[in-house]
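*Asks:* Residue numbers (my numbering): 104 to 495.
By construction, the Cβ of each residue, glycine as well, lies at the ideal position given by its N, Cα and C atoms.
Dropping a structure here in structure tokens format, bear with me for questions.
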Amino acid sequence: MLKAVIFDMDGVIIDSEPLHAQAAVNALKNIGVDITIPYCYGFIGSTTAFMLETIIRDYNLPLTCEELLELYKKAKHTLILEEGYTPVPYVQELIEKLYHHGYKLAIASSSSEKEIADVVSVLGIKKYFHKLVSGTTVSNPKPAPDVFIKALKELGLGNKDCIVIEDSYNGVTAANAAGIPAIGFVNPNSGNQNLSGAAVLIEGFDEITPDFIHNVYQRAHGEPVTIAVTNRLIIRELAVSDIPVIYTIYQNPEVKKYVTDIDDYLDIEIEKHKAYIRNVYNFYGYGLWGVFQKDTKNLIGRCGIQDTKINGRDEIELGYLLDYNHWGFGYAVECIKAIIDYSFTTLGFGRLVAVIHPKNTKSVNVALRVGMHQENTILKNGLSYDIYVIEN
């Protein structure tokens, strides 16, 4: 169960990576040494001490780390006085929402304790955080997991209770080493970071909600996300363990008549669905889901939406099928109405289409009952199909 969200600070809460890099460049310039911004970006996610120690070695400087740190602090202080702290857009709103949803919040940053305290105070977000943990207080900086392990200890939680938001390779690597899934924030000011180890990548916080973060957490732990609950049905993502049931449903000749995307071998279908979970549910946040009876929890079908292209136009295609033994009870209309509502209100789509063979009269009737209308006809695999449309 998700109980806490752990934020990195630099590059996630404040857009400070350019400031840190420029401070290092200015500090070295003051002693006649030229280093570059891209060189400094190589230390994103690590501590200042580690960066300065490496600079001393790389440039064979006749300085101690403490002496170079003082020069760096002065250069950074000058930049802060000139420019202040720049918050990452919309992250403060997300922090407040998460707090009011009851999640514990922590910062686990490579910055010093004073720097972290200054930032949360200046931005007015100190009251939302339960713990502020500095990488300078642990033995090994990111990409080692030490700072996250300390954050877990101070929160009184385990690694299965949390998720991390990071913008750097070092940070994501550290989170993974601590056994915590990470959301990778692609911050263009954080350099070209390899965030492939993150559970999911985001490009901003304007559309990120507590529900989104909870869904990422669930998928990272192999827990299917529930999409909708109706009077009689639960619609949720399919797990690998559900595939044998879906495979059995497909085998009925009446169901199989209009289904073309099932493999002849169960083991192949299972492997396909493992990739589907990884590449579709995680990446798009939508796809084809399972339809379960609420009272029995039995899997009775599949429905959902997926990207397609029809006559050169990008479309969101609605699909549905039910176990033959559950035809005629109104389940199709019930689940499709829920999917249409979810697609329009939660996902923000404005148009859905269904591709239906004219002889599939039951599906045609379902489409009409949920408010769709026939728009045109297309050829698909040499056969004629009708396109039904509903718009928000």
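(1) Which partner residues does Y488 have in the DSSP bridge list?
(2) For the 8 Å Cβ check, are there 3 or more pairs between the stretch 384-396 and the stretch 333-343?
(3) CA-CA distance, V348 and V115?
(4) Tell me the DSSP secondary structure of G237 in three-state form.
(5) With distances taken Cα to Cα, identify the nearest neighbour of Q125 among I219, I183, K200 and E478.
(6) How big is the Cα-Cα spacing for V223 and K229?
(7) If you draw a straight line from the C-alpha of G422 to the C-alpha of N355, how long is it?
(8) Return the bridge partner residues of R322 from the DSSP annotation.
(9) What's the call for H123, buried or exposed, on a 16-neighbour Cβ count within 10 Å?
(10) For M104, count the other beta carbons within 10 Å of its own beta carbon; 16 or more makes it buried, fewer makes it exposed. Which is it?
(11) Would the beta-carbon of V108 fall within 8 Å of that of I268?
(12) Do I330 and Y144 have their beta-carbon atoms positioned less than 8 Å apart in this structure?
(13) Excluding the five sequence neighbours on either side, which residues of its own chain have a C-beta within less than 7 Å of the C-beta of N262, listed in chain order?
(14) Please name the residue, chosen from P246, D398 and D426, that lies closest to R405 on a Cα-to-Cα basis.
(15) Given a cut-off of 8 Å on the beta-carbon distance, is the pair L298 and V275 in contact?
(16) Our contact map puts K127 next to I138 with C-beta atoms below 8 Å; I'd like the distance itself, whole angstroms only.
(17) Inspect the beta-carbon positions of K375 and V343 and report whether they are closer than 8 Å.
(18) List the endpoints of the continuous alpha helix (DSSP H) containing Y423.
(19) How many angstroms separate the CA atom of T464 from the CA atom of D417?
(20) What separation, rounded to the nearest whole angstrom, lies between the Cα atoms of T333 and S215?
(21) Below 8 Å, how does it come out for the stretch 285-296 and the stretch 305-317: are there three or more Cβ pairs, yes or no?
(22) Is G287 helix, strand or coil by DSSP?
(23) What distance in whole Å lies between the Cβ atoms of I316 and I352, which are believed to be in contact at a cut-off of 8 Å?
(24) With a threshold of 16 other CB atoms inside 10 Å of the CB of S213, please say whether the residue is buried or exposed.
(25) Quick check: M112 and I219, are their CB atoms within less than 8 Å of each other?
(26) Taking the alpha carbon of G496 as the point to measure from, which residue in E437, F432, H204 and S237 has its own alpha carbon closest?
(27) With respect to the beta strand (DSSP E) encompassing G274, which residues constitute its N-terminal and C-terminal limits?
(28) Measure the beta-carbon distance from E420 to V458 and round it to whole angstroms, keeping in mind my assumption that it falls under 8 Å.
(29) Less than 8 Å between the C-beta atoms of A435 and V469, yes or no?
(30) Applying the 10 Å Cβ sphere with the 16-neighbour rule, what's the burial state of D270?
(31) Answer with buried or exposed for P244, where buried requires no fewer than 16 other C-beta atoms within 10 angstroms of its C-beta.
(32) State buried or exposed for S119, treating a residue as buried only when at least 16 other CB atoms are found within 10 Å of its CB.
(33) Would you report the Cα separation of P461 and G388, rounded to the nearest angstrom?
(34) Cβ of C438 versus every heavy atom of the ligand NAP: is any distance shorter than 7 Å?
*Replies:* On the basis of the data shown:
(1) Residue mapping note: residue 488 aligns to position 385 of the sequence shown, counting from 1. Per the DSSP secondary-structure output, Y488 pairs in a beta bridge with I481.
(2) Touching, yes, given that three or more Cβ pairs across the two stretches are closer than 8 Å.
(3) Along the sequence shown, one-based indexing puts residue 348 at 245. Along the sequence shown, one-based indexing puts residue 115 at 12. Rounded to the nearest angstrom, the two C-alpha atoms are 43 Å apart.
(4) Indexing the sequence shown from 1 puts residue 237 at position 134. According to the sequence as given, residue 237 is Ser; it is not Gly. DSSP places S237 within a strand segment (E or B) once states are collapsed to three.
(5) Residue numbering aside, residue 125 sits at position 22 when the sequence shown is read from its first letter. Distances from the CA of Q125 to each of I219, I183, K200 and E478 were compared; the closest alpha carbon is that of I183.
(6) The residue you call residue 223 lines up with position 120 of the sequence shown. The residue you call residue 229 lines up with position 126 of the sequence shown. If you take the alpha carbons of V223 and K229, they lie about 5 Å apart.
(7) Residue 422 sits at position 319 when you count from the first residue of the sequence shown. Residue 355 sits at position 252 when you count from the first residue of the sequence shown. Their backbone Cα atoms lie some 18 Å apart in a straight line.
(8) Here residue 322 refers to the residue found at position 219 when the sequence shown is read from its first residue. Bridge partners of R322 according to DSSP: none are assigned.
(9) Residue 123 sits at position 20 when you count from the first residue of the sequence shown. Here H123 is buried, its C-beta having at least 16 other C-beta atoms within 10 Å.
(10) Residue 104 sits at position 1 when you count from the first residue of the sequence shown. Exposed.
(11) Numbered from 1 along the sequence shown, position 5 holds the residue referred to as residue 108. Numbered from 1 along the sequence shown, position 165 holds the residue referred to as residue 268. Yes; because the gap between Cβ atoms is below 8 Å, this pair is in contact.
(12) Looking up residue 144 in the sequence shown gives position 41. Looking up residue 330 in the sequence shown gives position 227. It is not a contact, given that the beta carbons lie outside the stated cut-off.
(13) Counting from 1 along the sequence shown, the entry for residue 262 is found at position 159. So the list reads L255, A281, G282 and I283, once near-sequence residues are dropped.
(14) By 1-based counting over the sequence shown, the position of residue 405 is 302. The residue from P246, D398 and D426 with its alpha-carbon nearest to that of R405 is D426.
(15) Along the sequence shown, read from residue 1 onward, the residue named residue 298 stands at position 195. Along the sequence shown, read from residue 1 onward, the residue named residue 275 stands at position 172. Using a Cβ distance threshold of 8 Å, L298 and V275 count as a contacting pair.
(16) Translated into the one-based positions of the sequence shown, residue 127 becomes position 24. Translated into the one-based positions of the sequence shown, residue 138 becomes position 35. The sequence as given places Ala at residue 127; Lys does not occur at that position. Between A127 and I138, the beta carbon gap of about 7 Å places them in contact (Cβ cut-off 8 Å).
(17) As a first step, residue 375 must be located in the sequence shown, where it is residue number 272. As a first step, residue 343 must be located in the sequence shown, where it is residue number 240. No, these two residues do not count as a Cβ contact at 8 Å.
(18) For the purposes of this step, residue 423 is taken as residue 320 along the sequence shown, with counting starting at 1. Careful: Y423 lies outside any alpha helix (DSSP H), inside the beta strand (DSSP E) at R416 to L425.
(19) Counted from its first residue, the sequence shown places residue 464 at position 361. Counted from its first residue, the sequence shown places residue 417 at position 314. Linking T464 to D417 through their CA atoms gives a straight-line distance of about 26 Å.
(20) Here the question's residue 333 lines up with position 230 in the sequence shown. Here the question's residue 215 lines up with position 112 in the sequence shown. Roughly 50 Å between the two C-alpha positions.
(21) Yes: at least three Cβ pairs fall under 8 Å.
(22) Here residue 287 refers to the residue found at position 184 when the sequence shown is read from its first residue. Reduced to three states, the DSSP call for G287 is strand.
(23) In the sequence shown, counting from the first residue as 1, residue 352 sits at position 249. In the sequence shown, counting from the first residue as 1, residue 316 sits at position 213. Contact between I352 and I316 fails: their C-beta atoms lie close to 33 Å from each other, not under 8 Å.
(24) Position 110 of the sequence shown, counted from the first residue, corresponds to residue 213. With 16 or more Cβ atoms within 10 Å of its Cβ, S213 is classed as buried.
(25) By one-based count along the sequence shown, residue 112 stands at place 9. By one-based count along the sequence shown, residue 219 stands at place 116. Remark: C-beta atoms of M112 and I219 approach each other more closely than 8 Å.
(26) Missing from the structure shown is residue 496; the chain here goes from 104 to 495 and no further.
(27) For the purposes of this step, residue 274 is taken as the residue at position 171 of the sequence shown. From DSSP, G274 is part of no beta strand (DSSP E) but of the alpha helix (DSSP H) over Y272 to A280.
(28) One-based indexing of the sequence shown puts residue 420 at position 317. One-based indexing of the sequence shown puts residue 458 at position 355. Contact between E420 and V458 holds, with the beta-carbon distance rounding to 6 Å and staying under 8 Å.
(29) One-based indexing of the sequence shown puts residue 435 at position 332. One-based indexing of the sequence shown puts residue 469 at position 366. Yes, Cβ-Cβ distance for A435 and V469 is below 8 Å.
(30) Against the sequence shown, residue 270 aligns to sequence position 167. Buried, by the Cβ-count rule.
(31) Stepping through the sequence shown from its first residue, residue 244 is reached at position 141. With 16 or more other CB atoms across the displayed protein chains lying within 10 angstroms of its CB, P244 is buried.
(32) Locating residue 119 in the sequence shown gives position 16, where the first residue counts as 1. The residue is buried, with at least 16 neighbouring Cβ atoms inside 10 Å.
(33) Taking the sequence shown and counting its residues from 1, the one referred to as residue 461 is at position 358. Taking the sequence shown and counting its residues from 1, the one referred to as residue 388 is at position 285. In a straight line, the C-alpha of P461 is about 31 Å away from that of G388.
(34) In the structure on display, the ligand NAP does not appear, and there are no ligands present to speak of.
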